[in-house]
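Undergrad: This is the structure, below, for whatever I ask next.
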Amino acid sequence: MLPHRPLPPELPAAFTVAEAHRLGVGRGRLRGSDLERPFHGVRARGTTGVSTSDPADDLRTDLRRLAQAYATRMQPQEFFSHRTAATLWEIPLPALSDVVLDVSVLRPGRAPRSVGVRGHQAHPRLVRVTDHNGFKLSSPASTWASLGPMLHPYDLVAAGDAIVCQRASAGGNGFSRAPLATVDQLRAAVDAGRRPGVGALQDALGRIRPGSWSRLETWVRLILVDAGLPEPALNYDAYDDAGNFLGCIDLAYPELKIAIEYEGAHHWRTAEQFHRDIDRLNRLVEAGWRIVRLTGSHVFSTPSEVVRRVTVARAQCGATA
Numbered sequence: 001m002l003p004h005r006p007l008p009p010e011l012p013a014a015f016t017v018a019e020a021h022r023l024g025v026g027r028g029r030l031r032g033s034d035l036e037r038p039f040h041g042v043r044a045r046g047t048t049g050v051s052t053s054d055p056a057d058d059l060r061t062d063l064r065r066l067a068q069a070y071a072t073r074m075q076p077q078e079f080f081s082h083r084t085a086a087t088l089w090e091i092p093l094p095a096l097s098d099v100v101l102d103v104s105v106l107r108p109g110r111a112p113r114s115v116g117v118r119g120h121q122a123h124p125r126l127v128r129v130t131d132h133n134g135f136k137l138s139s140p141a142s143t144w145a146s147l148g149p150m151l152h153p154y155d156l157v158a159a160g161d162a163i164v165c166q167r168a169s170a171g172g173n174g175f176s177r178a179p180l181a182t183v184d185q186l187r188a189a190v191d192a193g194r195r196p197g198v199g200a201l202q203d204a205l206g207r208i209r210p211g212s213w214s215r216l217e218t219w220v221r222l223i224l225v226d227a228g229l230p231e232p233a234l235n236y237d238a239y240d241d242a243g244n245f246l247g248c249i250d251l252a253y254p255e256l257k258i259a260i261e262y263e264g265a266h267h268w269r270t271a272e273q274f275h276r277d278i279d280r281l282n283r284l285v286e287a288g289w290r291i292v293r294l295t296g297s298h299v300f301s302t303p304s305e306v307v308r309r310v311t312v313a314r315a316q317c318g319a320t321a
């Protein structure tokens with residue numbers, strides 16, 4: 001098979017047929033097997049077939065690529081919303097079950113209908129539309145408020161945690177990131193008017209914390225608090241008696257020197273990360289910290305085991321309650 005003729009470099013990863021024609025690309029080239037046809041009148045450069053070790057990451061990548069393709073034909077009144085907007089804002093959600101785009105219009109406009117699209121109507125009072133990385137989408141606060149009827153209560157809090165998170169670590173292991181919105185902005189979105197899931201949103205508002213760096217940390221915190229245990233500190237920077245930085249702990253009871261650590265796939269992706277985590281945990285143990293190690297299976301499948309392990313650690317470290 002002869003190699004495909006290169007496309008003009010001006011064409012992005014996804015483009016309209018009309019745009020390609022303007023640059024001199026013929027119909028035959030647009031029928032090439034190296035081009036995908038995600039929507040009528042749209043072409044996208046094919047992927048190399050490379051995937052990550054995490055199927056959930058692959059689905060999120062596929063959704064972003066589909067959003068890029070749809071954006072080339074998006075009507076002026078349309079914008080991405082709900083789960084799609086959350087994915088584009090990198091707000092953590094449970095694994096996607098399908099690759100379908102949530103696309104909204106403001107009332108009285110008609111919700112879009114297309115293969116691969118889930119159309120919505122939104123009341124103008126309940127949503128603010130903005131631009132982010134080339135996408136037209138609902139604002140972080142509006143996006144969060146739209147998820148009220150869709151998510152588990154803990155995931156609704158986790159999404160809020162991610163939105164208000166300002167990530168940084170005194171030891172230099174975290175990275176700086178400004179929050180996408182404030183709790184006050186989330187509250188304003190909830191209070192903008194009647195909407196589905198308003199009760200769940202109001203319950204979640206009081207449980208949102210700015211110090212959580214991951215969905216799993218939020219789940220562990222809420223599991224422990226709902227079991228009657230004290231609320232742990234989030235991403236706690238630990239130091240030894242001489243003032244040397246030991247490491248940033250996922251969740252901690254500093255007064256008892258208990259560190260609660262989530263062991264996820266990201267810890268094993270590189271040898272450097274693996275060794276860094278081993279060294280960090282060893283420094284904590286040498287300084288007298290008790291380590292409680294958890295996995296996603298504990299958190300999502302056997303939360304009672306999360307409570308049991310932390311309760312045992314607290315008792316052994318002298319907790320009275």
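Taking the UniProt record's numbering, the leading residue of the sequence shown gets 1, the next gets one more, and so forth. Here a beta-carbon is modelled for each residue, glycine too, at the ideal position from N, C-alpha and C.
1. What does the Cβ neighbour count give for PRO303, buried or exposed, with the cut at 16 atoms within 10 Å?
2. Using beta-carbon positions only, say whether LEU63 and LEU96 come within less than 8 angstroms of one another.
3. Nearest-angstrom Cα distance between THR47 and SER214?
4. I'd like to check one pair, LEU88 with HIS132: are the Cβ atoms closer than 8 angstroms?
5. Alpha carbon to alpha carbon, what distance is there between SER139 and ALA159?
6. Spell out the partners DSSP gives TYR253 in its beta bridges.
7. What residue from PRO76, ASP226 and LEU251 has the CA that sits closest to ALA111's CA?
8. Taking only the alpha-carbon atoms, compute the straight-line gap between PRO230 and LEU224 and give it to the nearest angstrom.
9. Can you tell me which of VAL307, ASP279 and ALA13 puts its alpha carbon nearest to the alpha carbon of THR72?
10. How would you call HIS298, buried or exposed, if buried means at least 16 neighbouring beta carbons within 10 angstroms?
11. Going along the chain, which residues of its own chain have a beta-carbon closer than 6 angstroms to the beta-carbon of residue 368, five neighbours each way excluded?
12. From residue 379 to MET150, what does the alpha carbon distance come to, in whole angstroms?
13. Assuming residue 340 contacts ARG209 under a Cβ cut-off of 8 angstroms, what Cβ separation, rounded to an integer in Å, is found between them?
14. In the DSSP assignment, find the unbroken beta strand (DSSP E) run with THR274 in it and report its ends.
15. I need the DSSP call for ASP39, collapsed to helix, strand or coil.
16. Could you tell me if SER301 is buried or exposed, where buried requires 16 or more neighbouring beta carbons within 10 angstroms of its beta carbon?
17. Restricting to Cα atoms, I'd like to know which of GLY26, GLY247, VAL42 and ALA259 is closest to HIS4.
TA: According to the structure data:
1. With 16 or more other Cβ atoms within 10 Å, it is buried.
2. Taking 8 angstroms as the Cβ cut-off, LEU63 and LEU96 qualify as a contacting pair.
3. Computed Cα separation, rounded: 29 angstroms.
4. Contact flag set, yes.
5. One C-alpha to the other measures close to 13 angstroms.
6. DSSP, once it has assigned bridges, lists ILE258 as partnering TYR253.
7. Per the Cα distances, PRO76.
8. Each residue's alpha carbon lies about 7 angstroms from the other.
9. Nearest option by C-alpha distance: ALA13.
10. Counting the other Cβ atoms within 10 Å of the Cβ of HIS298 gives 16 or more, which makes it buried.
11. Residue 368 lies beyond the stretch modelled for the chain, which goes from 1 to 321, so this question has no answer here.
12. Within the shown structure, residues of the chain are numbered from 1 to 321, placing residue 379 beyond reach of any answer.
13. The question about residue 340 has no answer here: the residues shown for the chain are numbered 1 through 321.
14. The amino acid occupying residue 274 in the given sequence is Phe; Thr does not appear at that position. Boundaries around PHE274 are those of the alpha helix (DSSP H), 271 to 286, since no beta strand (DSSP E) includes it.
15. It is Phe, not Asp, that sits at residue 39 in the sequence shown. Here PHE39 sits in coil by DSSP.
16. That one is exposed.
17. Put simply, of GLY26, GLY247, VAL42 and ALA259 the residue whose alpha carbon is nearest the alpha carbon of HIS4 is GLY26.
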